[in-house]
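Just so you know, the protein sequences line up as chains C and F, in that order. All letters in the first sequence, in the order written, are residues 0 to 285 by numbering that gives the first Met the number 0. All letters in the second sequence, in the order written, are residues 0 to 323 by numbering that gives the first Met the number 0. Even glycine gets a Cβ: it sits at the ideal position worked out from N, Cα and C. Contents: one structure, followed by commentary.
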Amino acid sequence: MDARFWLLQLFNGISYGALLFLLGSGLSLIFGVMRIVNLAHGTFFLLAGYVGLAVISGTGSWWLAIPAAALAIALLGVAMERVFLRPLGSEPLRQVLLTFGFVLLIQQATLDIWGGSNFEINPPAALMHSLVLGGLYLPLYRIFIVTVAAAVGILLSLVLDKTRAGAIVRATVDDAQMARGVGIDTSRVSMLTFGLGALLAGLGGVIGGAFLGIYPGLDFEVLPLAFAVVIIGGMGSLAGAAVGAVVVGLADNFGKVLFPQASYFTLYAPLVLLLAIRPTGLFGRE
Amino acid sequence: MPRLVISSFGKRAGDIAVWTLLFTMPYWLGAVGGYTQLGSRVLILALAAMSLNFLLGYTGVLSFGHAAYFGLGGYGAGLTIKYLLPNTLAGMGVGIVAAAFAAAVLGLIIVRLRGIYFAMVTIAFGQVFYFIAYRWNNVTGGDDGLSGWHRLPLDFGMGRVDILRNDRAFYYLVFVCFAFAIGIMAALLRSPFGRTLIAIRENENRARFLGIPVNRHIWISWVISCTFCSLAGTLYALLNNFADPHDLRWDQSGEFVIMAVLGGMRSFWGPLVGAAIFVVLEDYVSSETQNWMSFIGIFFMLVVLFFRRGVLGTIRQSLAAAGK
């Protein structure tokens with residue numbers, strides 16, 4: 000176990016964190032605007048993987064599968080918000096319970112359509128190579144994930160900080176009532192945010208399908224990871240989601256390498272520690 | 000105040016009716032198409048849902064992690080009987096103590112959180128137990144669950160109760176545990192402590208201004224709730240002679256929440272009604288079609304959308320409206 004080994008593990012942890020960022024940032028955004036936790040977020044992730052598979056087997060194009068699946072999940076999110084969550088207005092408990100209803104419904108639907116087997120999405124051959132960097136073999140696919148996550152993160156933070164649309168979202172996050180008072184259509188903001196959150200989860204699902212696989216139960220496995228990300232980072236904060244994702248990615252990866260028997264403790268140890276010191280997360284507000 | 004007298008009389012009569020129905024269940028269940036084991040299942044899951052509702056309905060805190068303590072009870076009982084001591088009551092004792100201890104320790108961190116954070120952290124911590132049961136193959140049986148053990152007849156020295164072969168005897172073991180736990184929770188809710196919990200639910204800030212140590216009260220409520228939920232878990236494992244890792248997973252917690260909300264979380268007996276509907280539907284629907292989960296998913300969504308008070312709450316509301 001030389002320095003190279005540790006550097007490689009560091010890279011693996013960060014690239015896993017990049018995937019978790021796609022999942023966690025959407026969850027965090029949805030919470031920021033709507034004050035609900037979307038229990039169907041892991042379900043979106045899994046469903047996107049299946050949709051991606053279907054697109055690949057239909058068209059043969061992996062590059063097409065990513066936007067197609069992400070858009071499909073975004074549309075599902077928009078429909079869910081419009082038809083089911085919106086009528087409940089400002090009752091977070093009932094909205095959360097409703098998202099759980101979707102978890103059960105989609106779980107059964109995916110089981111009926113795709114069965115109980117394990118699938119894997121094979122990325123195009125161009126991404127199957129490794130990049131040799133100073134004696135380190137870095138899989139191109141993981142570099143691709145980091146690039147996508149970084150691009151998404153930078154784009155989102157630019158939109159949020161620099162544009163009018165971003166200002167509207169920030170105003171809604173800060174004080175929805177006040178935002179309505181100055182004429183912002185917060186209902187539309189909720190719909191678009193829920194759609195965007197679903198889109199990000201969908202993006203993660205297709206991209207993650209290559210190294211997590213796609214199988215029934217994946218939805219239940221990734222959701223607590225997404226929670227760990229936003230709990231550590233602080234709900235409603237994009238920067239928090241990024242930091243939280245890297246922390247969870249590293250904790251998970253090094254946990255699996257160092258203590259393979261107890262990797263779930265190493266994953267939750269930073270979580271417990273942080274909650275004991277700062278219950279609102281690193282970037283969260285009261 | 001004649002109205003008050005009537006309503007408290009009505010409540011008393013309702014309680015007596017519920018207890019009579021439950022006590023005689025093995026004798027009338029067959030006549031309406033059920034069987035004794037189904038009755039035990041209803042009562043066990045009702046205990047779990049009512050324990051959850053002690054926290055959700057009466058303290059105002061949503062936990063999505065109760066399955067962890069339910070499952071800890073079950074695995075505690077199963078592992079004890081399989082490896083340590085072939086004694087049903089000892090197994091139950093170990094399961095409950097283990098779960099209560101875990102709840103007490105994790106509760107110290109969890110009770111500092113509120114709302115959505117509370118729900119998320121209970122899920123995250125709960126999943127740790129699921130993964131232990133799922134991964135620790137050679138002890139817990141992993142994904143296949145913990146089998147190769149069964150409940151044993153109760154031996155009281157002077158007499159033996161064969162809960163293994165006699166379904167009715169097992170039902171009455173469940174009934175005694177249920178009555179014990181529900182009796183304690185009902186008494187607690189009538190006590191000043193219970194009133195304080197309701198005050199916290201209604202307005203936490205006001206309760207704090209009155210000098211109530213809010214976090215300590217929520218912690219006690221959490222530990223009581225998890226402990227009785229683990230009692231239900233031990234009984235569930237004994238009923239099946241099997242402990243399933245999925246009993247620990249967060250969607251099982253979600254099912255307890257469904258039962259409480261379905262029946263009505265502001266009614267004391269609501270979760271019992273919810274559990275009965277859930278279990279009977281599951282038994283019926285899963286024998287007719289494979290799509291049990293989507294069925295309950297749709298059913299649950301309809302209840303959340305249109306019957307915000309749950310079945311019992313809605314009935315009570317329309318009775319009150321009719322009486323006016």
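Mind pulling the chain F residues with CB within less than 9 Å of C:F219? On the first sequence, position 220 is the one that residue 219 of chain C refers to. For C:F219, the neighbours in chain F by C-beta distance under 9 Å run, in chain order, Q126, Y129, R248, W249, D250.
Backbone secondary structure at C:A209 - three-state DSSP: In the first sequence, counting from the first residue as 1, residue 209 of chain C sits at position 210. Residue state for C:A209 is assigned as coil, using DSSP reduced to three classes.
How about F:N137: is its C-beta nearer than 8 Å to some C-beta of chain C? What you label residue 137 of chain F is simply residue 138 of the second sequence in a count that begins at 1. Among the residues facing chain C, F:N137 is not included, as its CB has no counterpart in that chain under 8 Å away.
Just grab the DSSP bridge partners of C:Y136 for me. Within the first sequence, numbered from 1, the residue matching residue 136 of chain C stands at position 137. For C:Y136, the pairing in a beta bridge is given by DSSP as C:V131.
Spatial distance of F:L3 from F:I197 (CA atoms): Counting from one through the second sequence, the residue named residue 3 of chain F turns up at place 4. Counting from one through the second sequence, the residue named residue 197 of chain F turns up at place 198. Because F:L3 sits at a pLDDT of 47, beneath the cut-off of 50, its placement in the model cannot be relied upon, and the point is left open.
Contacts around F:W268, its chain only, beta-carbon distance under 7 Å, and the 5 residues preceding and following it disregarded: For this step, residue 268 of chain F is matched to residue 269 along the second sequence. The beta carbon of F:W268 sits closer than 7 Å to those of V17, L311, all from its chain and outside the five residues before and after it, given in chain order.
Quickly, what does DSSP pair F:R159 with across the bridge? List them, please. Numbered from its first residue, the second sequence carries residue 159 of chain F at position 160. According to the DSSP secondary-structure assignment, F:R159 is paired through a beta bridge with F:D154.
Have a look at the DSSP bridge pairing and note the partners of F:L145. In the second sequence, residue 145 of chain F corresponds to position 146, counting from 1. F:A242, per the DSSP bridge assignment.
Cβ-Cβ distance between C:L26 and C:G196 below 8 Å: Along the first sequence, read from residue 1 onward, the residue named residue 26 of chain C stands at position 27. Along the first sequence, read from residue 1 onward, the residue named residue 196 of chain C stands at position 197. Cβ distance < 8 Å, so C:L26 and C:G196 count as in contact.
Answer with yes or no whether the minimum CB distance from F:V284 to chain C is below 8 Å. Locating residue 284 of chain F in the second sequence gives position 285, counting from the first residue. Not one beta carbon of chain C lies nearer than 8 Å to the beta carbon of F:V284.
Quick one: complete beta strand (DSSP E) runs, 3+ long, within the stretch 108-184 of chain C? Entirely contained in the stretch 108-184 of chain C, the beta strand (DSSP E) runs reaching 3 residues are, in chain order, 129-132, 135-138.
Using beta-carbon positions only, say whether C:P269 and C:I230 come within less than 8 Å of one another. Against the first sequence, residue 269 of chain C aligns to sequence position 270. Against the first sequence, residue 230 of chain C aligns to sequence position 231. With contacts defined by Cβ atoms closer than 8 Å, C:P269 and C:I230 do not form a contacting pair.
The alpha helix (DSSP H) that contains F:S252, what's its start and end? To locate residue 252 of chain F, count along the second sequence from 1; it is residue 253. F:S252 -> alpha helix (DSSP H) spans 249-262.
Whose Cβ in chain F lies nearer than 8 Å to the Cβ of C:A108? Against the first sequence, residue 108 of chain C aligns to sequence position 109. For C:A108, the chain F residues whose C-beta falls within less than 8 Å of its own C-beta are S293, listed in chain order.
Using the three-state DSSP reduction, which class does F:A231 fall into: helix, strand or coil? Along the second sequence, one-based indexing puts residue 231 of chain F at 232. Annotated three-state conformation of F:A231 is helix, per DSSP.
Considering only the alpha carbon of each residue, which of C:Y214, C:Q176, C:L199, C:A275 lies closest to C:I72? What you label residue 72 of chain C is simply residue 73 of the first sequence in a count that begins at 1. For C:I72, the closest alpha carbon among the candidates C:Y214, C:Q176, C:L199, C:A275 is that of C:L199.
Interface residues of chain F around C:I230 at Cβ under 8 Å? For the purposes of this step, residue 230 of chain C is identified with residue 231 of the first sequence, where counting begins at 1. Ordered by position in chain F, the residues that pass the 8 Å Cβ test against C:I230 are Y116, M119, V120, A123.
At least one CB of chain F closer than 8 Å to the CB of C:A241: is that the case? Numbered from its first residue, the first sequence carries residue 241 of chain C at position 242. Chain F, which has no Cβ nearer than 8 Å to the Cβ of C:A241, makes this no.
If C:L257 and F:V303 are in contact, beta carbons under 8 Å, what's the gap, nearest whole angstrom? The count along the first sequence starts at 1 and reaches residue 257 of chain C at position 258. The count along the second sequence starts at 1 and reaches residue 303 of chain F at position 304. Contact between C:L257 and F:V303 does not hold, since their C-beta atoms are separated by about 44 Å, which reaches or exceeds 8 Å.
Under 8 Å Cβ to Cβ from F:I199, same chain only, skipping five residues before and after it: list those, please. Position 200 of the second sequence, counted from the first residue, corresponds to residue 199 of chain F. Spatial neighbours of F:I199 in its own chain (CB-CB distance under 8 Å, excluding positions within 5 residues in sequence) are listed in chain order as T58, G59, A206, I211, V213, H216, I217.
Quick check: what's the CA-CA separation for F:G182 versus F:R167? Stepping through the second sequence from its first residue, residue 182 of chain F is reached at position 183. Stepping through the second sequence from its first residue, residue 167 of chain F is reached at position 168. For F:G182 and F:R167, the distance between alpha carbons rounds to 22 Å.
At 4 residues or longer, what runs of the alpha helix (DSSP H) sit wholly inside the stretch 258-315 of chain F? If only uninterrupted alpha helix (DSSP H) runs of at least 4 residues are considered, those enclosed by the stretch 258-315 of chain F are 269-287, 291-305.
Among F:I15, F:T23, F:A48, F:A12, which residue has its Cα nearest to the Cα of F:A231? By one-based count along the second sequence, residue 231 of chain F stands at place 232. Out of F:I15, F:T23, F:A48, F:A12, F:A48 has the C-alpha closest to the C-alpha of F:A231.
Near F:A89, which residues of its chain fall below 7 Å by C-beta distance, leaving aside the five closest residues on each side in sequence? Within the second sequence, the letter at position 90 stands for residue 89 of chain F. Answer for F:A89: T79, listed in chain order.
Report the rounded CA-to-CA distance for F:F130 versus F:N137, giving the unit in angstroms. Here residue 130 of chain F refers to the residue found at position 131 when the second sequence is read from its first residue. Here residue 137 of chain F refers to the residue found at position 138 when the second sequence is read from its first residue. Across the structure, F:F130 and F:N137 are spaced so that their CA atoms are roughly 14 Å apart.
Is the number of C-beta pairs between the stretch 121-132 of chain C and the stretch 98-112 of chain C that are closer than 8 Å three or more? Note that the stretch 121-132 of chain C does not touch the stretch 98-112 of chain C; fewer than 3 beta-carbon pairs, one per stretch, sit closer than 8 Å.
What residues in the stretch 295-309 of chain F have a beta carbon less than 8 Å from any beta carbon of chain C? Within the stretch 295-309 of chain F, the residues whose Cβ lies closer than 8 Å to some Cβ of chain C are I295, G296, I297, F299, M300, V303, L304, R307, listed in chain order.
Going along chain F in order, which residues have a C-beta closer than 8 Å to the C-beta of C:F30? Here residue 30 of chain C refers to the residue found at position 31 of the first sequence. Close to C:F30, with beta-carbon spacing below 8 Å, are these residues of chain F in chain order: I115.
So with CB distances below 7 Å, who are the chain C contacts of F:R11? To locate residue 11 of chain F, count along the second sequence from 1; it is residue 12. Within chain C, not a single residue places a beta-carbon under 7 Å from that of F:R11; the smallest gap is close to 31 Å.
The stretch 219-238 of chain F in contact with the stretch 93-113 of chain F per 3-pair CB rule at 8 Å: Result yes; three or more Cβ-Cβ pairs closer than 8 Å.
Whose Cβ in chain F lies nearer than 9 Å to the Cβ of C:R93? By one-based count along the first sequence, residue 93 of chain C stands at place 94. In chain order: V260, V303, L304, R307.
Would you identify the three-state DSSP class for C:D1, choosing helix, strand or coil? What you label residue 1 of chain C is simply residue 2 of the first sequence in a count that begins at 1. Coil, per DSSP.
Please state whether DSSP places C:A17 in a helix, a strand or coil. Position 18 of the first sequence holds residue 17 of chain C. Judged by DSSP in its simplified three-state form, C:A17 adopts helix.
In angstroms with no decimal places, state the Cα-to-Cα distance between C:G207 and C:G48. Translated into positions along the first sequence, residue 207 of chain C becomes position 208. Translated into positions along the first sequence, residue 48 of chain C becomes position 49. C-alpha separation (whole angstroms): 8 Å.
Going by CA-CA distance only, name the one from C:L38, C:A261, C:L211 that's closest to C:N117. Taking the first sequence and counting its residues from 1, the one referred to as residue 117 of chain C is at position 118. Checking every option, the nearest Cα to that of C:N117 belongs to C:L211.
Neighbour list for C:V271 in chain F, Cβ cutoff strictly below 9 Å: Your numbering for residue 271 of chain C matches position 272 in the first sequence. Those within 9 Å of C:V271 in chain F are L105, I108, F124.
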